[in-house]
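Reading through the structure tokens given below for one structure.
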Amino acid sequence: MLKRKMLRDIKNSFAQFFSIFILAAVAMWCYTGFQANVIGGGRSREEFNNATNFADGWIYGAAFSDEQAEAVKEVDGIKDVQLRTEVLGKADEKYHSAELYCYFQSAQTVTKPYTIEGADYDPDDEDGVWLFRRFAEAWGLKVGDSFTSHAMGLDLTKTIKGLVATPEYEFACASTDADTDYHNIGFAYMSSKVLPEELQNFNEIVFTCGGDPLKHENEISDALDGGYAFLADRKSIDGYNRLTDELSQHDSFSYVFSAVFVAIALLVIITTMKRMVARQRTQIGTLNALGMKNRKIMAHYISFSVVITALGCAAGVVLGVFTFGKMMVDLFSQFYCVPGWKAGYDSKSILLSAVIVVICAAAAFLSCRMILKVHPSEALRPAAAKTAKPCIFEKLPFWDKLGFTARYDLRDISRSKLRAVMGIAGTMMGMIIMTLGLGAYDTLGYVRKWYFSDIQNYETQVLFKDSCTPEEALGIADRYDGELISADLISIAADSHPTSDDIVSCKLTVTEGKGLFRVSDDALDVTPLEAGSVALTMKQADRLGLKKGDTVYWKRSYDNVWNESRIGFISRHPSIMGITMLREDYEALGFEFKPAMLVSKQSCDGAEDLDFVSAVHSMDDLKAAFDKSMEVMDLLVFFMVFFAALLIIVVLYNSGNLSFNEREKEFATLKVLGFKSSAIRRLISVQNLWLSVIGVIIGIPLGKAPLNAMMDSNGDQVDWPCYISPATYLLAGAFVMLVSVVVGFMFQKRIKKIDMVEVLKGME
């Protein structure tokens, strides 16, 4: 009997229960969609790390010996140890002299290349090269092809024996690119035997320890007698840590978005169940009088929430894994290289679904328990009407000047506070998410303009080969009236004798100061470099606790001596993190200025034909590459706007529907008094509009905080200043207002169909 009653009640209040279903489904859709990417990526990365015996620690230095490697292996807690040589080389000019990180090894124990196609890496094979699979695909290279690389002054032509991947390059981006373009970045593994004996100097010791490698630094330092540059952990490896930050961001999103929709679902459940049990007061009294126990009646009303939310959660889990989650994995797999990455899920989805069901059931219990405390003899009679009393709004000095619609709606809001709170909270949350999504799109455009118009005051990039001499670079700079730029990998610290915990890996950019390659300060204003000082990017300065006027210590990746420079100002750059300094200051420290590229306002026609030029990129090429890399952001923006729109529509419609059902007798009375249907509809529309305006006003200042948090979660290697245009606020607010007005018109037909006689019978 109660089952049939439940089905009838769901049919009679379909809109409210369908709203609960939608909110529960969307909550789990968001959660499982983001988690499918996080869980699938986490599992694949774990398998990837285990298959390659991925290193926990990296010891950088110069000319490490087998004896030193053995000494490190003797340190308690360290498991596997391997020597290797890492150098930044270039691919041959037919591959635009792409950046190519070359690894020369005599063994493969730690961070072994993961074979995707071809033979496994053989450190004794002097004729073969094992190439990054994504780089090979970009250039159409296959196993068996000949490939030439240039490193350490050598031209190395080898046969491609295998296409591989490694956790160190799950993310890969050339220093000249704003984001990933696999044409310009790669890595290659070769035997150390291909190098002349005088160049067979290992500059790295990689090891596993099953924990934090920095805890072993004192023992490692003693084992090496201090003969190393610095010790790094996985967090210092940008190619690995970038994806870690990305997945962490998605993990946070999954809980935040789910919490928003669950919170609104609770408000809908509370208002719906309160209204239902109040309307069915006499039915409950009859059931009690017939001997049905309170706990059975309570279980009946709780079952509404349990069944609807359970069905919604189940639908959300399925949709999340097979739609949103799959799309996320497919898209992110284009920018990150993790073999076997696919959408995944775990028991947490079931657990969270159970938690949502329990919370919603508890909300239904709290809504129903008061009516069940009423004695059956009392419950059989309709509830006494609430004593009318002045509402708080009547104390307003202009109350008497308000029209009928305004006063009626204000009194209704005063009587139905919970429904009003639901409407305001829902539109506020929708406004926040809508602002977050559209604001992310604004930020993308803002960063694009900042990067390509303010910082890059040029039209063409000319990339040089390693063989380019200073004279050749100077000649082409004079020819095209350009500015020469040098780039290098460095470590920075706030102290001249730092521990590994206090060292940050980043980039050094050396410019001639001609104003073509420009630097922005922390307010994003273009600021010229001062002689005798450097610009340090904001995220690195914050991490080291440095500010303008302080001294920063730095050294190149292949040096052992720390240099010191005064910080002239704190800078910001969207993708190049580290230090920027003038050529004259760099050379004053005794270093040779070796240009990596030329930037010019001219088109540099004919530069690509020069022997020492590897590639020429126009501004249009750079912008196209940037736009391509932002497809991930476009997907996130789409889903945020979609979920926000869905939330606003569901909340406002449900609020209007509850308002209509609660005031149906009042509307019937108004019709008897001669009010037209359009005037009654206006009562609902105006109230929804007021609640929407309040929600929008509250949501406007709250929209930027989650956007800042989202951008900050990108990690230390990306710095995107948040920007939300006034037009975005207006667009989001206008959408909320439009939905509010449309919802009002949806009740026009129901108002016309009100049976005044039937409805008013219940008032006898």
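Quick note on numbering: the sequence shown equals residues 6 to 769 in the numbering used here. We treat Cβ as the ideally placed atom computed from N, Cα and C, and that holds for glycine.
In this structure, A41 is the residue among S664, A41, Y194 and S745 with its C-alpha nearest to the C-alpha of S352.
A124 and A630 have their C-alpha atoms some 33 Å from each other. L161 and S154 do touch by the CB rule: their CB atoms are close to 5 Å apart, below 8 Å. It is roughly 10 Å from the alpha-carbon of I490 to the alpha-carbon of L513. Judged by pairs of C-beta atoms under 8 Å, the segment 355-362 touches the segment 309-319, as three or more such pairs exist.
Look at W63 here: in three-state DSSP terms it is strand.
As the crow flies, the alpha-carbon of A193 is around 24 Å from that of S496. In the same chain as G94, and ignoring 5 residues on each side of it, the C-beta atoms closer than 6 Å to its own belong to L105, C107, S154, H155 and A156, in chain order. When DSSP reads this structure, M195 sits in a beta bridge with F109. By alpha-carbon distance to L168, the top candidate from N568, I121 and L494 is I121.
Residues F22, I25 and F26 of the same chain have their beta carbon placed closer than 6 Å to that of I313, with the five preceding and five following residues left out of the count.
In this chain, the beta strand (DSSP E) harbouring Q466 covers T465 to F469. In this structure L663 is not in contact with R416, their Cβ atoms being roughly 16 Å apart against a cut-off of 8 Å.
Taken atom to atom, the span from the alpha-carbon of A268 to that of G442 is near 20 Å. Below 8 Å, too few C-beta pairs join the segment 460-475 and the segment 492-506 to call them touching: fewer than three. Counting only residues of its own chain and dropping the five nearest sequence neighbours on each side, D500 has a CB closer than 7 Å to the CB of D507 and Y558. Taken atom to atom, the span from the alpha-carbon of S570 to that of W346 is near 44 Å. Distance from the Cα of G133 is smallest, within the candidate group K378, Q110 and K709, for Q110. Annotation: E476 to A536 spans about 24 Å, alpha carbon to alpha carbon. Taking the Cα of V261 as reference, the smallest distance to any Cα among T287, A294, A32 and E592 is reached at A32.
Of the candidates G62, N58 and V334, the residue whose Cα lies closest to the Cα of A112 is N58. The shortest C-alpha to C-alpha distance from E224 to any of Q73, Q692 and C178 is the one to Q73.
Per DSSP, E535 is not a residue of any beta strand (DSSP E), being assigned neither H nor E. Under the DSSP definition of a beta bridge, T585 partners with T514 and A540. Between the C-alpha atoms of A294 and F19 there is a straight-line separation of about 29 Å. For A96, there is no enclosing alpha helix (DSSP H); the residue is part of the beta strand (DSSP E) that begins and ends at V86 to A96.
Per DSSP, reduced to three states, the secondary structure at W725 is coil, with no helix or strand assignment. Taking each of H188, K552 and S180 in turn and checking the Cα distance to C511, the smallest one comes out for S180. Membership of D405 in any beta strand (DSSP E) is not indicated, and neither H nor E is assigned to it by DSSP. The C-alpha of M602 is placed about 8 Å away from the C-alpha of A478.
Residue range T556 to R561 is occupied by the beta strand (DSSP E) that includes T556. If the five residues before and after K709 are omitted, its C-beta is found closer than 8 Å to the C-beta atoms of T440, G444, C727 and I729, all from its own chain and listed in chain order. With respect to the 9 Å criterion, L219 and G66 are not classified as neighbours on the basis of their beta carbons. If the five residues before and after D486 are omitted, its C-beta is found closer than 8 Å to the C-beta atoms of S605, K606 and Q607, all from its own chain and listed in chain order.
The beta carbon of P711 sits closer than 6 Å to those of L441, all from its chain and outside the five residues before and after it, given in chain order. Unbroken beta strand (DSSP E) stretches of 3 residues or longer found wholly inside the segment 101-183: 104-110, 119-123, 133-137, 151-156 and 159-170, given in chain order.
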